[in-house]
Structure formats: C-alpha cells, structure tokens
Amino acid sequence: MTKKIDVFISLIIRGFYTYSDIVLGFIIVAVSAGLYMNTSHLKVSAQSITPMDSAQFVPKLTFGILIFLGIIILLQGVKKIKENKKALPEGEQLIAAIIGFKRATIALTSIALFILLMTRISFIIAAILYLMFNMYFMVERRGWKHKTYFITAVIVSISLYYLFNRFIYVKLPLGFLKGVIG
Amino acid sequence: MTALIGGAMALITVKNVLLMFVGVIVGILFGAIPGLSSTMAIALFLPVTFGLSTYESFALLVALYIGGVSGGLVSAILINIPGSAMSIATTYDGHPMAKNGQAHKALGVGVVFSFLGTLFGLAVMIFAAPALARFAITLQPYEYFALSFMALSLIASVSGQNIFKGLMAGFMGIAFSTIGMAPIDGVVRFTFGNIQLMNGFTLLPAVIGMFAVTEILLTVVKPVSADKVVQQEREHIKGFGFSFKELIGQTKNLILASSIGTIVGFLPGMGGSLANQVAYVAVQKTSKYPEKFGTGIIDGVVASESSNNASIGGAMIPLLALGIPGDGPTAMLLGAFMIHGLVAGPMLFKTSGELVYLIFAALIICSFIMVVVEFYGIKIIVKALNIPREILYPVVITVCAVGAYAANSNMFDLWTLLVFGILGFMMSKFKLPRACFVLGFVLGSLVETNLRRAIQLSRGSIMPFFTRPLTVVLLAVTFIIIIRTVWVQIILPMKNSKKAKGEYA
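In order, the protein sequence lines correspond to chains A and P. Sequence positions in the first sequence follow my numbering and run 1 to 182. Sequence positions in the second sequence follow my numbering and run 1001 to 1505.
Okay, here's the thing in structure tokens:
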C-alpha cells in the first residue's frame, strides 16, 4: 500500500516538475472564465451611473486579465516542457521530494485538525495535542525530548489561554471544559 | 516651539514616564506577536484610561501606538512572519539577513531607522499639520484613485524574474479582495451563499496564513537534524550592530521611505500596511544595486521600517487637524478623544492646545523610550534564535492561530489562516510572488472604492481624471512606471534573447 502511495506521489511530483506552468495556466484560465461568467449575473444597482461604476466592472476586468495572463503562462509552460524533462528529480532527490510532499501534507492536516478540535475538546487540550505532535514530527527520532515537549506544550497552552482570557478579554473555545474552567 | 516645550514639561512626571515605558513595552509585545496589533493594544487599554487623567491617558495610548508599530520588525526578521501588515516588507530583507547570521544587525537597523522614521513623520506633523490638513480637504476620490492605482502599478516591480507570474499573483490578490459586499452599493459577490464571506477575508489572518503557515510547510519538508548545530563564531556585536558610515549611507533611503510613509499615512484609509511595501519598491527602484534587494541588505529593512514608522506622524495629521483618523490606531485614538469629552479637529488647537502639544511631546519622548527598550531588548531577542526549531515553529503557529482568532473571536478567521497558508504554499511551489498577491489584496478594494466614488461624484464623466492637476501628475507617473517596466522586463529581454540566438547561429 505504501509503495502504491509513493508511486502515485512520484507521478504527481514528476508531472508537477514537467507541467507546472501548464497546470497553473489551465487552472487560472478555467477558474477565471467561470468567475467571469458568474460576474455577469451580479446585480447592477440603480446607483450605478456607468458600467465602470458597477459592481461588475473590477471583477470582470480582473478575471479578463487573469485569463490573458493564464494563457501566456500556459504557452510559456508548453515551451519549457523539454527543458523541464531534463531537470526531473531522480533517485535520492525524488525520494526526498516524496518525503517532503508527505510531511507537508501531514503538517497541514495537523493544523486543520487543531482548528477543528479546538471548539470540540477546548483550545487548551487541542493546543497541547497539536504542539506535542508537531514537536515530535519536526525533528529526527533520535532528537526526541519527551519531558521538554510535554512541559512546553502544557505551559504554552495554559499560558496563552490565561493571558488572552484575562488580559486581552478573548474567550478561547472551551469545548467540553465549559463549566470546568470559567 | 515654546508650546512644545511646555507640553513636554507637563508630561514629565514620574507617573507619566512610567506609563509611557509600560505602554512602549506592551506595544512592542503586541506588535511582535503575529495577529496582535497596535490597534488592538490601544482598544484594550482604552477602558484603563477611564481612571487616568487626560494627559496620562494620551501618554499611555501614544506609547502603545509607537511600540506597536515598531514591534512588528522582531518576528518579521527572526522568523519571517510579519508581526503586523505594517512589517510585511521587512521580511523581504530582514529575514535573509537573520539567516546569514546578521540577526543582530537587522534588528539594530530596524530599531534605529524606525526611530528616525518616526522623528521624520513627527517633524512633518508638528510643523506642517495645519497646512497639510487644509490641503487634505481638497483631495477627492480622483486623487485617491490615482495614488492607489500608482501603488498597484508597482506590482510589476516586485515580480521578480517572471513579470507575468508577478502580475498574475497581483491580480489574484485583487480577485480575492472583490469577495464579499461590493463598495458603494453593497452587491454581494462570490460568497456562494456563505454568510461568513459577506465582509470578505479579514486582512490580518490572511497575511499571517500566507506567511506563517506557508513558512512552516516549507520548513517541515525535511526533519530538523538531531545533531547539535555548532554555532558559527560570530563577531562580538557592539551597539546596534552597524557602523556610523552605514547609517550615513542610508540617508537617501531614509528620506525617500519616510516621505512616502508620511504621505501614505496622512491619507485616510491607506495606512502603514501600504506604506512599507510602496516604500520598499521605491527604494529598490532608486538603488544602485536593485538586484541585491531580497538577498539580505540593510536598504530593504531601512525602507520598510522608516516608512511604517513615519506613517505614524502622517496618520496623526488628519486626526488632530480634521478629526479624521488616518489608520486603525488613530481611529482608536479618536475614541479616546470622545471618552475624554474632546472633539478632534481644527478647534482642538484652540480649545485644548496644551493637550495637542503634549501629544506631540509624548510621541517624541516615546520614540526615545522605544529605542532604549529595543536596544537592550535586542540581545535578549536574538537569543530566541537559539530555541530549537521543532519547539519554536509549533509554538509560533499556535500563537498565530490565537492571534488570528483574537481579532473577531470568529473561527472563520482560523480557516482563513489555513486557506491562505495553503494558497501561499502553492504559490511558492508555482513560483508566484506572495508580495505581489498581498499588494493586490490590500490595494484592490482601495482602487475600486475610489474609482467608483470618483465616477459617482463626476456623474459618469471621466474628464476630472484628466483635468485635476494632481490626478494627472499621478496618472502620468503611473503610465511612465508601466511603460518602463514593460520595456525593461518584457521588450529588452526579448530583444536580447533574439540577439543572442542570432549570434549563436
């Protein structure tokens, strides 16, 4: 299963290195075209005196220019395909890129989970879990310092909660600790 | 001058001096922590001023303002995350300097030129406030549009190697700024039924996400080594970390950046978040070595920090002379005037002249306090670089998340932080400059609002854009910038590559 995932990620990476500008150009053109058409349905209020002064003008102009720029980037990407294929990561470079991709995905997921769990299990517990996970995750296994990470996570979470609650009057989410704290 | 000295004498009491010290230190902390800001600091301490006299209240609030604006450079330089939108451009050269082992020098330059920029803005404010205020009344949306459009044209100048990618990033920023209710008529755009998007994306969480979250994602791709890093032998740094010769060498940059900061700060709604970026580009364009910007040179830090601090003096001019706040912190100060039963505006100089000069004196004294506090603080702050990265970065993200939440106590701002973090990460992978995106995002709504106001005012006619002198000058300068950029970045390279191919054949 892991090997299949690695093969899939390596395909994405190699595709990205070869066709990044084409993909970028295509996405920008497609999204901008869609939003440009969406702009035509925007209400033109009675206050608007000329087309330049309506809610449609700046979005239409912006998406129009983005379509133009997207096409230029796409064409630049087509020109660079051969050159990009020569510089594709191989061997150890490719392995490092695959690991980097996985690590970035995990880091992103941990932030998303932190935000999601904040309202459910309280800021304090979510922050302790987030901090501890990332401290272990960011460093090589042989550099793990269990006591330091745990103490730091607890002190930072509780201090932030207390400082923001007491001095800045920001009530961070309490989740199921409501009633237990404050 | 006599009135200013009188104001300073009224200010120098033990209680006032203590309040100013505390205010500057708290302000620096608020400025340094991403997500918190001087606006928030002043808003939080407004209730505290109920129990203080008028003079004490303004001494404290002004100290928070000065400290808050200056504090942003700390996180911008050390961890590449701007403490506030006013320090975005400081990351461009400040953080590379820190990575090159020159963190102390970067901080020292930032502190000193923050101080000098503040004094520049205050000098303009003290001597030219009434005249500038009279001039400000004559400005109409045509001039505001022309100025913000000129600033927008600078996107191409910070594009880096590929101007089309730079422009794409800039227009993406403008596109994001159109989300929510349109200015003037309130037409709802691109919310797709999501109520949270009615007011668009909040600037601060977006900027923090684009810098902080992106930075983490770029750092985490490789595990931090468990080996103890052998610290490079560093020179024993004395003072602020740079020489008097280097200070004098930055005079031109200081004057240019501070002038831009004062002017931008003086225009209501523009603010320091715009000043630092416009000043950075302007200093780069007038430099003998523009290609070195972004690699870690003091010129970049000077440009950003002088301008954002000079905008303090600029923003105080319309507040004191017209009762119109120049930016967020001055809007809070307007609240302070109301709390103390005062009316900011032309009559303030007549009815409470002593208070006005006390505020001037407080601004000057707090600038000196800021330099002293940050001078002794630098040695402590630089030690933060010794904190292991696996501890520092997760803590920074947690603080940023809390800061993003603190602005509106709204979970949506946290999701904004994440979305812009992903966007910033994808932009760095596709080599789209984030600086251009932020410029477009900040300026987009300004340009649109003023364009629409101008058209409404002229009843649909575009003639005022070509007949009002200042508007014509600003649009002409914009046109020249665009032509020059197209020539230098598109036409010349095409000519050179054709020539090279011809020679090769």
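Beta carbons are placed, not taken as given, at the ideal position from N, Cα and C, and that holds for glycine.
Item                                                                                                                                : Value
Where Q1161/P sits in the DSSP three-state scheme                                                                                   : coil
Same chain, Cβ closer than 8 angstroms to A1315/P, five either side skipped, listed in chain order                                  : G1265, F1266, G1271, G1272, P1325, G1326, D1327, P1329, T1330
Cβ-based burial, P1493/P [other Cβ within 10 Å; buried from 16]                                                                     : exposed
Contacting positions in the region 1392-1414 of chain P - beta carbon closer than 8 angstroms to chain A                            : Y1393, P1394, V1395, I1397, T1398, V1399, A1401, V1402, Y1405, A1406, S1409, M1411, L1414
Residue range of the alpha helix (DSSP H) that includes T1374/P                                                                     : First, the residue type needs correcting, since residue 1374/P is Glu and not Thr in the sequence shown. Element bounds for E1374/P: 1353-1382.
7 angstroms Cβ cutoff, E979/P in contact with chain A                                                                               : Residue numbering for chain P in the displayed model covers 1001 to 1505; residue 979/P lies beyond these limits and cannot be assessed.
7 angstroms Cβ cutoff, F164/A in contact with chain P                                                                               : yes
Proximity winner among L1470/P, A1500/P, V1473/P, I1455/P, relative to T50/A (alpha-carbon distances)                               : I1455/P
Same chain, Cβ closer than 7 angstroms to T1295/P, five either side skipped, listed in chain order                                  : P1096
Own chain, CB closer than 6 angstroms to M135/A, minus 5 neighbours either side, in chain order                                     : Y149
Any C-beta of chain P under 7 angstroms from that of V29/A                                                                          : no
Distance, S1461/P Cα to V1477/P Cα                                                                                                  : 22 angstroms
Close beta carbons around M1210/P, own chain, < 6 angstroms, minus the five adjacent residues each side                             : F1420, G1424, R1434
Reduced DSSP secondary structure (H/G/I, E/B, other) of K178/A                                                                      : strand
Unbroken stretches of the alpha helix (DSSP H), 4 residues or longer, contained in the region 1271-1303 of chain P                  : 1272-1285
Spatial distance of Q1231/P from G1101/P (CA atoms)                                                                                 : Note that Q1231/P scores a pLDDT of 45, beneath 50, so its modelled location is shaky; the value from the coordinates is reported in the next line. Their Cα atoms are separated by approximately 10 angstroms.
Strand pairing of R1189/P, partner residues [DSSP]                                                                                  : G1180/P
Test item: CB-CB of P1223/P and E90/A under 7 angstroms                                                                             : no
Host alpha helix (DSSP H) of M1332/P (start-end)                                                                                    : 1328-1339
Under the three-state DSSP convention, the category V1221/P falls into                                                              : coil
Cut-off 7 angstroms between Cβ atoms - residues of its own chain near V1024/P, not counting five sequence neighbours on either side : A1063, I1066, G1067, C1366, I1369, M1370, V1373
Whether I115/A touches S157/A by CB criterion (7 angstroms)                                                                         : no
Sufficient close CB pairs (3 or more, under 8 angstroms) joining the region 1166-1178 of chain P to the region 1440-1450 of chain P : yes
DSSP-derived helix/strand/coil call for V154/A                                                                                      : helix
Three-pair Cβ contact test at 8 angstroms for the region 37-53 of chain A versus the region 1179-1191 of chain P                    : yes
Chain A contact residues for L1418/P, given Cβ-Cβ distances below 7 angstroms                                                       : I111, A112, I115
A127/A versus I1391/P: straight-line alpha-carbon distance, rounded                                                                 : 13 angstroms
Test: A192/A CB closer than 7 angstroms to a CB of chain P                                                                          : Outside the displayed span of chain A (1 to 182) sits residue 192/A, for which this structure offers no information.
Whole-angstrom C-beta distance between M1172/P and G1440/P, which should lie under 8 angstroms                                      : 7 angstroms
Close Cβ partners of G1094/P (< 6 angstroms) along its chain, the five nearest in sequence each way excluded                        : A1076, I1077, A1106, V1301
Proximal chain A residues relative to V1187/P, where beta-carbon distance stays under 7 angstroms                                   : L42, K43, S45, A55
Interface flag, L975/P vs chain A, CB-CB below 7 angstroms                                                                          : Given that chain P is displayed from residue 1001 to residue 1505, the structure contains no residue 975/P and the question cannot be resolved.
Partner residues on chain C for M52/A, Cβ-Cβ distance less than 9 angstroms                                                         : Checking the listed chains, one finds no chain C in this structure; the protein chains it contains are A and P.
Cα-Cα separation, M37/A to T1251/P                                                                                                  : 51 angstroms
Burial state of E1233/P (16 or more Cβ within 10 Å)                                                                                 : Confidence at E1233/P is low in this model, with a pLDDT of 41, below 50, so the placement of that residue is unreliable and no value is reported for it.
Cutoff 7 angstroms: G100/A Cβ touching any chain P Cβ                                                                               : yes
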